Amino acid sequence: MKAIIRIALLLVFPIAVFAQNGTKPILTSDVLKLTTANQIQISNDGTKVVMVVTKKAVKKEIEYYYTRHLYMINLAGGEPIQLTFGDRNDGNPVWSPDGKRIAFTRRDGEASQIWILNLGGGEAYPLTKIKTGAAQPVWSPDGTKIMFSSSIPFHDISGTPGWKNERPGRSFNDEPNWAGMKEDEKKAVKNSPDGSLEEIKAWLAKNATEKNPRVLTRLQFQGEQDLQPEQRFSHLYVVALNGNGEATQLTSGFQSFSQASWSPDGSKIICTSEPPNVEPDANRKSSVWIMNTDGKDLKEFLAFKNYPTSSASFSPDGKSILFISRSGDNFLRGQTELGVMTSTGANPTLLTEEFDRDVSSPIWSPDGKTIYFTASADGDVPLYSIPAKGGKPTILIGNDKGVMDYDLNSDKIVYAQTEIANPWDVYQMTIKDKKTKRLTQLNDNWLKEKKVILPKEHWVTRPDGVKVQYWVMEPMNRKDGIKYPTILNIHGGPTAMWGPSGFSMWHEFQMQVGWGYGLVFCNPRGSGGYGEDFKRGNYQDWGTGPANDILAALDDAASKYSWIDTSQYFVTGGSYAGYMVAWLVSQDQRFKAANCQRGVYDLTTFMGEGNAWRLVPDYFGYPWEDGIQKLLDANSPYSFVNNIKTPLLIMHSDNDLRTGVIQSEMLYKSLKILERPVEYIRYPGEGHELSRSGNPLRMIDRLIRIIEFFERYAKHPETPPALGSSN
Amino acid sequence: MKNLVIIWLAVSSLYCSGQTKDPSFEEVISLRSVGTPVISADGKTVAFTVRTADWDQNEFDSEIWISRGGGQAFQATQATKGSSNAPNFSPDNKWLAFLSDRGGKNQIYVMRLEGGEAFAITAEKENISDLEWHSSGKKILFTKTDSEDKKKKDEEKRYGGFATDDKEFALTHLWQVDFKPDLRNPSELPCYQSVDSLRAKSGCLNLAKPERLTEGEFTITSFKGSPDGILVAFNHQPNPLINSFIKSDISLIDINSKKVSALVVNKSADGLAAWSPDSKEVLFTSSENDTTSNFYKNSKLFAIEVNGKKVRRLGTKLDEDFGGQFSWQQDGIYFTLWNKMNRLLYKIDPKSGDHTVFLNSPEQIFSATFSKTGQFAINAKENDQLNEIYISPIVSPKLQRVTSINDQIKSWRIAKSEIISWKSKDGATIEGVLHKPDDYDPNKKYPLLVVIHGGPTGIDYPTPVPAYVYPIVQWLNKGALVLRPNYRGSAGYGEAFRSLNVENLGVGDAWDVISGVEYLDSKGLINKNRMGCMGWSQGGYISAFLTTTTDIFKGISVGAGISDWATYYVNTDIHPFTRQYLKATPWSDPEIYKKTSPISYINQAKTPTLIQHGEFDKRVPIPNAYELLQGLRDHGVESELIVYKGFGHGITKPKERLAANWHNWKWFGKYIWNEEIELPITETIDKK
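Protein sequences appear in the order of chains A and B.
Numbering follows this note's numbering, in which position 106 of the first sequence is assigned residue number 651; successive positions increment by one, without gaps.
Numbering follows this note's numbering, in which position 618 of the second sequence is assigned residue number 1707; successive positions increment by one, without gaps.
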């Protein structure tokens, strides 16, 4: 089926020819030049597009940072025009219904606010001035108001929640709310470490308010880079365009509301919320709520038992509502499904139950007859359409391409696309004749002199019948008859999916082949993009099953490509793949050197160490449950640390609270005691996302530090193109 | 910067009900005001600055507003800190260039009129002071001050700080920079040095490099490019010292060959005004060879041919000092001039040189700007209004207001203005503005406060919110009359009137004030036992003169005033001022200095006097304040000196201006109303 679609597409589309047919290798520091554009929005009249262009910039010679600016494309022709400037980060642009202004978010001071840019001329100005910051602007259909969300801390919400106090032996409001008090009110509060219990409690509460110490009573106490002792609740506000900037709060209390949108007639607001009176950390459910535009008559509108439901939006004629439901409420079980119902909430129907992929980013066609969406599938991220009445999804853009972002109107789709030949550009497709046109040249200027290596796709069938898709990239300037060192790259998740349409590894892969390495990467069982059964293929089996898929892909590649030097394998991966690298080198001695990044190595410890701890019960169970501890030990690389003899480079970021550093410290320390070749790298100021959105300078450090480690053990048959090269 | 201003537009509509209130000092200081407009060549867009008070930064901040197609103006620039100034349209009407300091120095920014934020096209190490788009639209001419001598910095490292008086300054010169709209910001696509491949290399991708056009031992104070784009006329003087303006001349530079040639070299000040539309003549004002009375005599208007240097005088029948914005259009030369308390838009026929009044309404027109397609815009006000921006066709003018500045005071109890005139002691006719309270009762006799302007060549005219450091509106609303006299020497009444105070400073001024008070008394308007007087600069001098020469006032406030002309002469930076007005130095004629100095009469001083002075005032240096203070103390006269820290001749920041208002409110509260007033510490208005 898929193959047929591919051929059809090839017939329809001319193969785009890009400028990058140069000869130079893509170097480590080229990561600074990679430019992307997303958050694409087409104006209502279809003549203009606004988007956010992300670049990396440098000032004072060595101070690296990101810039995110709004750019506008006139679809009638002409170069994209930069609309916003400065070192600030701008995001989330939305056109006013009349197309005369753009609302967007910008942080210029304490908190992000909604800003307005008039297209009649003039610089942007802040519309909101809310202390807790403003996000997700949505214009009212008549263009007079903007709805936004703001994250309100517990202490700013009056009353008491509908659940019992998480703090043992204490009740709500039994101590002064220091953070919510004015200065003169604070002075009136008696507090002391000596004295009555009330004064002691007040004194302790004061210290806790200053996060000195942090008092942790909630389950999800770990943020991404900081501890988060206090609950926050997302609430909806409305602010008038021509007012004094004061916003009206629509929702309140100890319940979050988000993903809000207006009905086309401006009479209702639908949004995503959660069960009231349930402590949010214990909750994994969500449902669609509805209210009047003044926040009154708020009620739950659509909820499925065990199907968290979200992302609701009205059809353009206001008669239907689409939504996304997840067929299960944990990491492992279930898929995101697209659903529709009438505007009164009748006849909720899931459209994609037959479509065995996770759908995302649905958008109505202007005539309401079609719904467009994207999904990770077989290494691509295609754009699909499906009739709103139900039917089979059709691929509009696929074929080794990834649609990273898109918007559409009645006759065209404007989308950001990643493919190996061109890491990122914005295109337009005319819906009627499917003709495409590139609208930007985001990376041409530096890419035109570079040589880009294309991957070759293969499948290997495992003894249990599972088919594993993998890709091979040959080293740059490969000559026949010569064998080359080869890096096995592994992805995390474990539900992530890699493929030629992926952007996150685009530069790293090209840089590695420039360093004279061949590359093999695959999507082992447990990966996303191959359906629900495949995704569940690593249930209670993080190690052996996926590891054997990965090694099978490597062996299959070596059998197909004689240039792969089987005596010079290297392996690298992060997060779950950090785990997998450690697993592989604890089970297999074929690798010359290995690099595990931001990994987890002892699954029992993982229970406490990261905010992603729910992976443990979702995939295995709780350690105190019958037989589970044994299972966790059997699946933990740390249980086999004594077997690790491969030279190992362990990397972790100091502030990574998603997986935590203790397990990498256990691994490192044990290998040191065992006198194994090991080196441990810690990045300050970074969390789990160093490789994707970290400080650009540390990003470069990570990239080349891995190569430098491998270079200690690699024997290149010829000087790698990147060695000694500079831009 | 201040946030959008829709805020006050909207708020003001809440007060439509006719309810009025006494504005707070802060509200008066916070009033937004409009600056000089510029109109685009196609007449579709008008840009001008709007000044606001930024209380957080404690500064007055200007941002550029634009009006498009005659629509209501809106704020176009949003500098986070500091101001945006000098709006200038590209000849193709697509871009607005302006100056702004957004981190470091004043740079040239450009903004698309079709939308989008501004970006810098220069990254100069020194402040850019002025700019003008070249007629080709492909480059921008600008002036900037040369950087400080490096030798001076090295010297200071070793020897610390010192400077030779009148010898150390930096010169300002003319530059040009190419304008390339799609040039990328170099920080966004750096290239790297090969030694350390991450260290950005300078020079491989850069902003367009400005090119210096002029060199030499002179400083440029203004410039204008010829309409045909070949020449730039520029005003220059030997150095930036304040008195060097008397030596200012006009030269031309060919921007291709960089050849400079002198154009106007009169002995006294020559001022560049405009180019003729055919690029053949340059309009200028001049004091010709008068270096001894140009402080008060009229400058004259001339046109000079660029080739041949033939000079002809224009507007000979106008008896007022020329200055301000000139616009030479095909059909005439347009400019504004005072005519008593009105300021009119005049037009001179370039052929005959004769003038006509082009526009005499609103009452005060401060500046006018003309498009190439038949529109003009003015900054003007009616007697009972604040300044607004108007646009109009040139043929059969019909003004359309594009700003709503007066919405700010809709709900306020404001000053009512009447123009009155009286005969002074020597028979001279003096005019003044008499302000009455909103609820004026003709059967009552009111306390009187006289507020005297500076200059002496300043002018007072009707206005709804007279202010500065004097809470005039609040005094009116408290139940007082306020008189603002245009004493002899003021602008607007011709050269002879402006010369009436020569060799007669103070003495004649005091006649004019006292005769004005007597005139009001003769009409039965005022309570002579409750009168006060005040003024800043020359107005402070006249107030000081009244402190020591009369006892009719119960309290006086002397702001940055002169107490002794000899003290003034040696301390000020404008030494020629006294030489011109007193026709002598203290050493050549001590008597005239004595006759005109308040301190000469200190022995008879009786009036309680508040002295306000900026700490570093160079125009009227602070020794004047201490001299008067000590004289009054020695004679047991109640007096108080308040020094505003760090200020020069003006109180230019909102907070200190607020303080200075309170200091006057307190002083006159005590001596006119017999009230003890304390400065409140908590804020009286919600600053949003």
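In this text, a Cβ means the ideal position worked out from N, Cα and C, and glycines have one as well.
Note that the coordinates shown come from a computational prediction; the quantities given were computed from them, not determined experimentally.
At a cut-off of 7 Å, the C-beta of TYR616 (chain A) has no neighbouring C-beta in chain B. Annotated three-state conformation of GLN1474 (chain B) is coil, per DSSP. The residue among A:PRO774, A:MET1152 and A:LEU615 with its C-alpha nearest the C-alpha of SER1181 (chain A) is A:MET1152.
For LEU867 (chain A), the nearest beta carbon of chain B is not closer than 7 Å to its own beta carbon. Secondary structure note for GLU845 (chain A): its beta strand (DSSP E) is the uninterrupted segment 844–847.
THR1308 (chain B) and THR1211 (chain B) have their C-alpha atoms spaced approximately 21 Å apart. Excluding its 5 nearest sequence neighbours in each direction, ILE618 (chain A) has C-beta neighbours in its own chain below 6 Å: VAL594, PRO625 and LEU984, listed in chain order. Here the stretch 646–666 of chain A does not lie against the stretch 699–715 of chain A, with fewer than 3 beta-carbon pairs under 8 Å apart. Rounded to whole angstroms, the separation of the alpha carbons of THR1204 (chain A) and VAL598 (chain A) is 30 Å.
Rounded to whole angstroms, VAL1726 (chain B) and PRO1545 (chain B) show a C-alpha spacing of 27 Å. Classified as exposed, GLU1680 (chain B) has fewer than 16 neighbouring CB atoms from the shown chains inside 10 Å of its CB. Along the length of the stretch 1063–1132 of chain A, whole alpha helix (DSSP H) runs at least 4 residues long occupy 1077–1080, 1089–1105 and 1121–1132, reported in chain order. Per DSSP, the unbroken alpha helix (DSSP H) holding HIS1052 (chain A) starts and ends at 1051–1059.
Judged by beta-carbon spacing, SER779 (chain A) lies within the 7 Å limit of SER696 (chain A), meaning their Cβ atoms are closer than that value. In this structure, PHE1208 (chain B) lies away from PHE846 (chain A), with their beta-carbon atoms at least 7 Å apart.
For THR629 (chain A), the chain B residues whose C-beta falls within less than 9 Å of its own C-beta are GLY1205 and GLU1206, listed in chain order.
Within chain B, GLY1204, GLY1205 and GLU1206 have C-beta atoms less than 8 Å from the C-beta of LEU662 (chain A), given in sequence order. Near chain A, meaning a CB-to-CB distance below 8 Å, the residues of the stretch 1152–1170 of chain B are ILE1155, ARG1157, PHE1163, GLN1164, ALA1165, THR1166, GLN1167 and THR1169.
Contacts between MET1200 (chain B) and chain A, judged by CB atoms closer than 8 Å, involve GLY666, GLY667 and GLU668 in chain order.
In the DSSP annotation of this structure, the continuous segment of the beta strand (DSSP E) that includes SER1156 (chain B) starts and ends at 1148–1157. If you check the CB distance, ILE1095 (chain A) and CYS1141 (chain A) do not come in under 7 Å. Pairing ILE1027 (chain A) with PRO1229 (chain A), the inter-Cα distance amounts to about 41 Å. Here PHE1114 (chain B) carries a helix assignment [DSSP, helix/strand/coil]. Its chain contains LYS996 as the residues whose beta carbon lies nearer than 6 Å to that of THR568 (chain A), once the 5 sequence neighbours on both sides are disregarded; these appear in chain order.
In chain order, GLU624 make up the part of chain A whose C-beta sits under 7 Å from the C-beta of ASP1271 (chain B).
In the displayed model, ASN1692 (chain B) falls within a helix according to three-state DSSP. PRO1710 (chain B) sits in coil when the DSSP states are folded into three classes, being neither helix nor strand.
Within chain B, the C-beta atoms nearer than 8 Å to that of ASP653 (chain A) come from THR1169, in chain order.
Going by C-alpha positions, SER856 (chain A) is about 25 Å away from LEU786 (chain A). Scanning its chain for C-beta atoms nearer than 8 Å, with the 5 sequence neighbours on each side dropped, one finds around ASN1216 (chain B) the residues ASP1190, LYS1194, ASN1195, LYS1233 and THR1234, in chain order. DSSP places SER831 (chain A) outside both helix and strand once states are collapsed to three, so it counts as coil. The bridge partners DSSP lists for ALA1351 (chain B) are B:SER1340.
For ARG1573 (chain B), the number of other beta carbons within 10 angstroms of its own is at least 16, and it is reported as buried.
The three-state secondary structure of PHE799 (chain A), taken from DSSP, is coil. Ranked by Cα distance from ALA1162 (chain B), the options B:THR1667, B:ARG1490 and B:ILE1519 are led by B:ARG1490.
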